[in-house]
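So the structure is just underneath, and the comments pick up after that.
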Amino acid sequence: MMFNLPAATSTHKFPRRAITTPAGEVMAQPYMFQLAGIAMSVPELDEGYVLGQNDDEMFEKVLPIDRQLRSLKAETPKQWWRETDDTLSADLLLQFWHYYLTTRIHLHAAMSEDDHDQYAYSRITCREATECMARRYPTVRRLLPTGFFVSRIVDMQVFTAATFLCLSYMKQSRKGASVLDESNGLVFVEEIVATMDSVAGQPGSEFVEEASSAIRSLLAMIRDPSGSSSESRSLTLRIPLLGKIRIGRKQLPPASQPSQANLASFGTVESQQPSTNMSHAGIQMPASDSRMPQPMNETYNTGIANTLPWLMELDMNPSSLQDPFFYQDASQLDQWLGFSENMGY
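The C-terminal position of the sequence shown is numbered 358 in our numbering, with every residue numbered one higher than the one before it.
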């Protein structure tokens with residue numbers, strides 16, 4: 014998706030070419046081709062996780078891809094990776110995308126619940142990559158041309174980084190481990206939000222406005238884990254090709270009303286009525302449909318209440334299913350073509 018390549022190209026890699034000149038300068042186009050070839054492995058990884066393949070087997074597939082990225086980085090001079098905040102170049106974008114791919118291949122393993130911490134390498138690597146993305150994002154986003162469609166791609170990618178940093182912080186807190194120092198963790202998330210706020214209102218900034226709001230909600234949940242503040246009780250996300258998902262903190266019922274707690278966990282179902290109207294969805298679902306979650310017995314539901322403290326609502330309004338990279342104005346593609354020419358050598 015990032016390189017606008019058809020899925021069939023996953024079995025046809027780009028030819029290997031030197032990415033540096035004899036003088037040691039990195040050539041952007043060959044480097045981008047190598048990144049694109051590695052990126053073709055990401056959909057295969059995602060599919061494996063979706064199909065429920067064994068986590069250990071999936072991790073064995075992650076390591077060779079990670080090795081390709083590390084080998085690619087090793088071919089570049091160390092000073093090429095220095096962070097700058099004054100100019101936007103193809104090199105800076107390539108570095109940003111290199112770290113994004115590193116994040117993507119390690120993301121599933123980094124967020125997995127393994128008691129023996131066997132995926133610690135993925136957690137450390139993913140955290141370092143997301144922090145590198147966060148440090149480069151202000152320069153990349155601020156200096157990209159206003160309305161340039163690549164801006165939205167970068168926004169979506171850094172949203173992944175910010176979400177991972179927030180969730181990893183929450184995960185460490187729940188485990189009772191030494192909590193990550195905010196000055197070394199969430200400060201990057203704050204910088205991402207500040208950058209998003211600075212570009213809000215520009216053409217094509219609809220996603221960045223929603224993303225900053227979602228990240229703020231995550232930060233509010235981190236700083237108010239008990240949910241006493243109204244700001245930390247709900248989170249609404251608009252996911253491309255899926256729609257809006259609203260996640261709300263479940264209200265703890267009074268101890269004298271256990272039956273209502275059971276209903277709150279799965280939604281109220283009126284079996285006497287022919288259909289149930291789902292709030293915010295605009296659709297009717299038969300109450301007798303066997304696929305619809307039914308209230309379970311009190312004993313089982315007590316455990317569910319401890320492990321599922323959230324309620325989710327889906328909004329499948331057709332207007333929310335827009336492709337995140339779709340633009341009415343095709344002239345923006347001409348901007349990308351001109352930018353690509355500048356990346357040649």
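Note that the Cβ used here is the ideal one computed from N, Cα and C, for glycine as well.
Give me, in chain order, the residues of the same chain whose beta-carbon lies closer than 7 Å to that of residue i; leave out the 5 immediate sequence neighbours on both sides.
| i | result |
| --- | --- |
| Asp104 | Val39, Ala41, Trp93 |
| Ala174 | Thr116, Thr143, Met146, Ala147 |
| Thr281 | Per-residue confidence for Thr281 stands at a pLDDT of 38, beneath the threshold of 50, marking its modelled position as unreliable; the derived number appears in the next sentence. Taken in chain order, the list of residues that qualify is empty. |
| Glu96 | Arg148, Arg149 |
| Pro90 | Gly37 |
| Glu219 | none |
Quick check on this structure: which residue in the options has the alpha carbon closest to the alpha carbon of residue i?
| i | options | result |
| --- | --- | --- |
| His129 | Ala213, Asp69, Ala224 | Asp69 |
| Phe177 | Ala123, Glu73, Glu222 | Ala123 |
| Tyr44 | Ala227, Gln170, Phe109, Gln215 | Phe109 |
| Asp98 | Ser84, Ser125, Tyr112, Tyr150 | Tyr150 |
| Lys86 | Gly61, Gln47, Asn67, Glu60 | Gln47 |
| Leu76 | Thr138, Ser211, Tyr182, Leu157 | Thr138 |
| Val202 | Ala213, Ser225, Phe220, Glu219 | Ser225 |
| Ile205 | Val221, Gly214, Gln215 | Val221 |
| Gly65 | Ala227, Ile228, Ser125, Tyr134 | Ser125 |
| Gln215 | Asp127, Gly50, Pro35, Ser164 | Ser164 |
| Ile78 | Gly50, Glu88, Asn67 | Gly50 |
| His111 | Arg80, Tyr134, Asp127 | Arg80 |
| Leu157 | Asp127, Leu106, Tyr134 | Leu106 |
How would you call residue i, buried or exposed, if buried means at least 16 neighbouring beta carbons within 10 angstroms?
| i | result |
| --- | --- |
| Val63 | exposed |
| Ile32 | buried |
| Arg29 | exposed |
| Gln170 | buried |
| Asp168 | buried |
| Ser230 | buried |
| Thr208 | buried |
| Leu82 | buried |
| Ala213 | exposed |
Measure the CB-CB distance between residue i and residue j and report whether it falls below 8 Å.
| i | j | result |
| --- | --- | --- |
| Leu101 | Thr152 | yes |
| Gly217 | Phe162 | yes |
| Phe72 | Tyr132 | yes |
| Ser211 | Arg155 | yes |
Residues in the same chain with beta-carbon distance under 6 Å from residue i, minus the five sequence neighbours each way, listed in chain order, please.
| i | result |
| --- | --- |
| Arg136 | Ala123 |
| His121 | Tyr62 |
| Ile228 | Ala175, Val206 |
For residue i, collect the residues of the same chain with a Cβ closer than 8 Å to its Cβ; drop the 5 residues on either side in sequence, then sort them by chain order.
| i | result |
| --- | --- |
| Arg140 | Ala123, Phe177, Leu178, Ser181 |
| Ile235 | Cys179, Tyr182, Met183, Ser186, Leu199 |
| Leu88 | Reading the sequence as shown, one finds Glu at residue 88 and not Leu. Correct list, in chain order: Ile32, Thr33. |
Is there contact between the segment 48-59 and the segment 110-124, where contact requires at least three CB pairs shorter than 8 Å? yes
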